[in-house]
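Residues 49 to 428 in the numbering used here are what the sequence shown spells out, letter by letter.
Every residue gets a Cβ at the ideal spot worked out from N, C-alpha and C, and that includes glycine.
All values reported here derive from a predicted model rather than from experimental measurement.
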Amino acid sequence: MSFRYAGQVIRISPQVEQYMKGRMTFRSRVFLLCLLLSAFAFYVLLWPSTNTSLRYTRSIVSLPKHYSGNVSSQSAFIFIGGVPRSGTTLMRAMLDAHPLIRCGEETRVIPRILGLRSQWKRNEKEWRRLNEAGVNEGVLDDAIASFIIQVIAGHGAPAERLCNKDPFSLKSTQYLAKLFPNSKFILMIRDGRATVNSIISRRVTITGFDLQDPRQCLQKWNNAITVMFEQCQSVGRSRCLMMYYEQLVLHPEKEMHRLLQFLDIPWNSSVLHHEQFIGKDISLSKVERSTDQVVKPVNLDALTKWVGKFPDDVVADMPQIAPMLAELGYDPLANPPNYGKPDDMVLKNTNDMHENSEHWYRKAVEMVADPERVDPPLHR
């Protein structure tokens, strides 16, 4: 079996062809073919420029010329993750404000590729079939790594340090650390009650979360953050940094100094003023649920919105429903908890935002596809 891509003939071994035809579903065949194409496209893109015999069209992912030969599995990628609504978008926006870093919008495909590989790995029968067809772990690792590199490098502008923000990717921190040995990880942690209240109130659809059942959502949050917490711990403090949303909001300068030191990136005060770069150096997705919030400066408004929003029985059972709250240092019975005293800069940002709420409302509306979801100005 063979086909032509980018002017080159790609041949698939008889064993793989037999496997694709006989024992894989159509969906699986399409996915495997995409992985093979991605790996080949990456190989072609990095072919030495002195080889003039190659002529090809970059028809799958067109990487900027700056990247040719400079992006590989050895690159120092930055991966940001956490349970959705935990501050991952704010974190990536603040890093995007740094002149040496580019994160960009959620790709959504990277965690799905990682999840599919995990499903294959857990299914002993499917994993054996892949190996028998010659699609062993090494082949898949190379293909998945190439796919991820293509997506990260290709979906935004060039930068010295490339960053990816896909919340659920950090359920696979160990695997990503293996694929990219020089990468670093940022796990965003937020009070699970605030996260769940935000998921429910903003109607964020997440597989397995029943938005009509706060208790069940808290349990799902507990399960998800447990996996990410353990994955982060497993790769060690030199590779994975846990960043608390509350501390980032209360003390942005201190926390960003700590983060940039961890990433081995020089300090730049622009990370404290990400809102000034929105629509310029920082691009936002019109459909991401956090877009209308991150157009604003770092402020205190979202810290305790969750207080009073949970049923009494859920509040009483909180330590049992979500034991990870205590594990992460939160008081499961405090309503509201004392997260700490904010810096003067954050107080000033918050007051300014309230005084000019019409301005920030209009700015938020301009950036989203569904303006009805934007919180109205305070005086309305």
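Run through DSSP, which three-state label would Cys280 get?
Cys280: helix per DSSP, three-state reduction.
Note down the Cα distance separating Gly55 from Asp391, rounded to an integer number of angstroms.
Any reading at Gly55 is ruled out, since the residue's pLDDT is 45, under 50, leaving its predicted position unreliable.
How many angstroms separate the CA atom of Ile247 from the CA atom of Leu266?
Taking the straight line joining both Cα atoms gives about 10 Å.
Using CA coordinates, which residue listed in Pro384, Gln198, Lys328 is at the minimum distance from Ala350?
Comparing Cα positions, the closest option is Pro384.
Between Arg170, Pro206, Pro147, Glu153, which has its C-alpha nearest Asn118's C-alpha?
Taking only the C-alpha atoms, the option nearest Asn118 is Pro206.
Which runs of the beta strand (DSSP E), 3 residues or longer, sit entirely within the stretch 129-199?
Taking only runs of at least 3 residues, no beta strand (DSSP E) segment lies wholly in the stretch 129-199.
Looking only at its own chain, which residues have a Cβ that is under 6 Å from the Cβ of Ala272, when we skip the five neighbours before and after it?
Around Ala272: Val131.
Hey, would you say Arg238 sits closer than 8 Å to Gly135, going by beta carbons?
It is a contact, given that the beta carbons lie within the stated cut-off.
Relative to the C-alpha of Glu154, which candidate in His322, Asp189, Ile196 has its C-alpha closest?
Nearest option by C-alpha distance: Ile196.
Quick one, are the C-beta atoms of Leu210 and Phe125 less than 8 Å apart?
Yes, the Cβ-Cβ distance between Leu210 and Phe125 is below 8 Å.
For Lys357, tell me which candidate among Ile161, Asn184, Pro159, Ala242 has the shortest Cα-Cα distance.
Here the closest residue by C-alpha is Ala242.
Looking at C-beta atoms only, is the number of pairs between the stretch 286-297 and the stretch 216-234 that lie closer than 8 Å three or more?
Contact holds: three or more Cβ-Cβ distances are below 8 Å.
For chain B, is any of its Cβ atoms less than 8 Å away from the one on Leu348?
In the displayed structure, chain B is absent; only one protein chain is listed.
Among Val157, Arg251, Arg133, which residue has its Cα nearest to the Cα of Leu235?
Ranking the options by Cα distance to Leu235, first place goes to Arg133.
Residues in its own chain within less than 8 Å of Leu148 by CB, not counting five upstream and five downstream?
Same-chain partners within the cutoff: Ala207, Glu208, Arg209, Ile313, Pro314, Asn316.
So which of Ile158, Leu395, Phe127 has the shortest CA-CA distance to Leu311?
Out of Ile158, Leu395, Phe127, Phe127 has the C-alpha closest to the C-alpha of Leu311.
Go to Phe228, then tell me how far its alpha helix (DSSP H) extends in each direction, as first and last residue.
From DSSP, Phe228 is part of no alpha helix (DSSP H); its letter is neither H nor E.
Any idea if Ser110 is buried or exposed, counting beta-carbon neighbours within 10 angstroms, 16 or more meaning buried?
With a pLDDT of 43 at Ser110, under the threshold of 50, the predicted position of this residue should be treated as unreliable, though the coordinate-derived value follows. Answer is exposed; the Cβ neighbour count stays below 16.
Whole angstroms is fine: what's the gap from Thr253's alpha carbon to Leu259's?
Their Cα atoms are separated by approximately 8 Å.
Nearest to Ser166 by CA position, among Tyr292, Ile192, Thr137, is which residue?
Nearest option by C-alpha distance: Ile192.
With DSSP run on the structure shown, which of helix, strand or coil describes Lys411?
If DSSP states are grouped into helix, strand and coil, Lys411 belongs with the helices.
Determine the DSSP secondary structure at Tyr293, reduced to helix, strand or coil.
The answer is helix: DSSP assigns Tyr293 an H, G or I state.
Using DSSP's beta-bridge definition, name the partner residues of Phe216.
According to DSSP, which records beta bridges pairwise, Phe216 is partnered with nothing at all.
Tell me, to the nearest whole angstrom, how far the beta carbon of Val319 is from that of Ala145; I am working on the premise that it is less than 8 Å.
Indeed they touch by this definition, with Cβ atoms about 5 Å apart.
Would you give the residue range spanned by the alpha helix (DSSP H) that Ile247 belongs to?
Note, Ile247: alpha helix (DSSP H), 240-249.
With 16 other CB atoms within 10 Å as the buried threshold, where does Gly377 fall?
Under this definition Gly377 is an exposed residue.
Of all the options Met366, Val363, His322, which has the alpha carbon lying nearest to the alpha carbon of Pro345?
Answer by Cα proximity: His322.
Just to check my reading of the structure: Leu298 and Gly204 have Cβ atoms closer than 8 Å, yes? What is that Cβ distance to the nearest angstrom?
With a Cβ gap of about 30 Å, Leu298 and Gly204 do not count as contacting.
Put Arg285 into one of helix, strand or coil per three-state DSSP.
Looking at Arg285 - three-state DSSP - the assignment turns out to be coil, as it is neither helix nor strand.
I'd like the span of the beta strand (DSSP E) that includes Lys232, first residue to last.
Residues 232-237.
Relative to the C-alpha of Gln341, which candidate in Ala141, Gly202, Gln122 has its C-alpha closest?
Nearest option by C-alpha distance: Ala141.
Under 6 Å Cβ to Cβ from Ile326, same chain only, skipping five residues before and after it: list those, please.
So the qualifying residues of the chain are Val343.
Quick check: the Cα distance between Asn270 and Asn386, rounded to an integer number of angstroms?
So the alpha carbons of these two residues sit roughly 21 Å apart.
Have a look at Leu307, Ala364, Asp190 and flag the residue whose alpha-carbon is nearest the alpha-carbon of Gln122.
If we check each option's Cα against that of Gln122, Asp190 comes out closest.
Could you check if Asp261 is buried or exposed, using at least 16 other CB atoms within 10 Å of its CB as the buried criterion?
Flag for Asp261 reads exposed.
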